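Engineer: So the sequence shown is numbered by this note's numbering: it starts at 6 and just counts up by one.
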Amino acid sequence: MKTRTKAWGGGNTTTLPIMKKYILLLLLFIATIGAGYGQLNKERQIEIFASASIDGTEFIIKIIPGTESTKMTFKIRDSISVNLNNDKAYHTHRNYLLSLNSIDLKNDTVIKYLSIVKSITEQYTFYSEDSIEIENEAYKDYLHLINEVFNTATDRLENKNRFVMDGIFMSFTLTNKDSTRKVNAFYPTEESNKMLYELVTGSTSIYRLAKKNDFLDKRRLFGY
6 MKTRTKAWGG GNTTTLPIMK KYILLLLLFI ATIGAGYGQL NKERQIEIFA
56 SASIDGTEFI IKIIPGTEST KMTFKIRDSI SVNLNNDKAY HTHRNYLLSL
106 NSIDLKNDTV IKYLSIVKSI TEQYTFYSED SIEIENEAYK DYLHLINEVF
156 NTATDRLENK NRFVMDGIFM SFTLTNKDST RKVNAFYPTE ESNKMLYELV
206 TGSTSIYRLA KKNDFLDKRR LFGY
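(1) Looking at residue 81 and residue 68, is the spacing between their C-beta atoms short of 8 Å?
(2) Taking the Cβ atom as the reference point for each residue, do residue 194 and residue 229 lie within a distance shorter than 8 Å?
(3) Among 156, 173 and 54, which one has its Cα closest to the Cα of residue 200?
(4) Could you have a look at residue 134 and say whether DSSP puts it in helix, strand or coil?
(5) Check this for me: beta carbons of residue 198 and residue 162, under 8 Å apart or not?
(6) Tell me the rounded alpha-carbon separation between residue 140 and residue 79.
(7) Closest by CA to residue 84, which one among 121, 116, 133 and 124?
(8) What residues are listed by DSSP as bridge partners for residue 75?
(9) Below 8 Å on the Cβ atoms is my guess for residue 208 versus residue 66; work out the distance and round it to an integer in Å.
(10) Let me know the alpha helix (DSSP H) ranges lying completely inside the segment 84 to 134, each 4 residues or longer, listed in chain order.
(11) Sort 95, 227, 117 and 154 by Cα distance to residue 204 and report the nearest one.
(12) Buried or exposed: where does residue 218 fall if 16 or more other Cβ atoms within 10 Å of its Cβ makes it buried?
(13) Just verifying my parser: in three-state terms, what is the DSSP assignment at residue 177?
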């Protein structure tokens, strides 16, 4: 993974391949979420990974609440090098996955190939990154929301009846000491996934108020 730091970027014959490619990208995203973004903090941490699998747009928010302050890191994918197209290992593993009639996330070989494709892609990926640190005393409502997310069961946070093919997929990795769980959501809104929506928009709003720049332009963050 390469990082650029900015101051706080017909017919039925075609339907199946397009759908299959989308599903592969989505499964790749779910199976390897968080890979390449550093080891998880052993205390409490939330990592939000958002992706539009159709066009490859991504952003990441990492939240590390501490006793006195909370650190937030924001990363936005700028680009993927065209050299990825020349990587033989990438095409070998990706073509294998595309050749499967179904992708079983319990299959060790499938997981291995998904991880390799994700890892290789990250080697050619560029991100912009910035971070802020806030005093907990000044953001009690935000800290209360973080605690609520940690204390709410996964099935209550998710909305398994919601699927948006052309929308945004988000995965929330919640780490609390030695326990880690993942919560997934399709294009969370105030109506569909209220708590997750407020966590994302609360984080971006705090950054914008603190930095007063255009790094987190809503056009780069799917409107969040």
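No residue lacks a Cβ here, since even glycine has one placed at the ideal position from N, Cα and C. None of the values given here were measured: they were computed from a predicted structure.
Structural biologist: Concretely, from the data shown:
(1) no
(2) no
(3) 156
(4) Looking at residue 134 - three-state DSSP - the assignment turns out to be strand.
(5) yes
(6) Near 18 Å, if we compare the C-alpha coordinates of residue 79 and residue 140.
(7) 133
(8) 70 and 139
(9) Between residue 66 and residue 208 the Cβ distance is about 5 Å, and since that is below 8 Å, they are a contact.
(10) 93 to 104 and 113 to 128
(11) 154
(12) By the neighbour-count rule (16 or more Cβ atoms within 10 Å), residue 218 is not buried but exposed.
(13) strand
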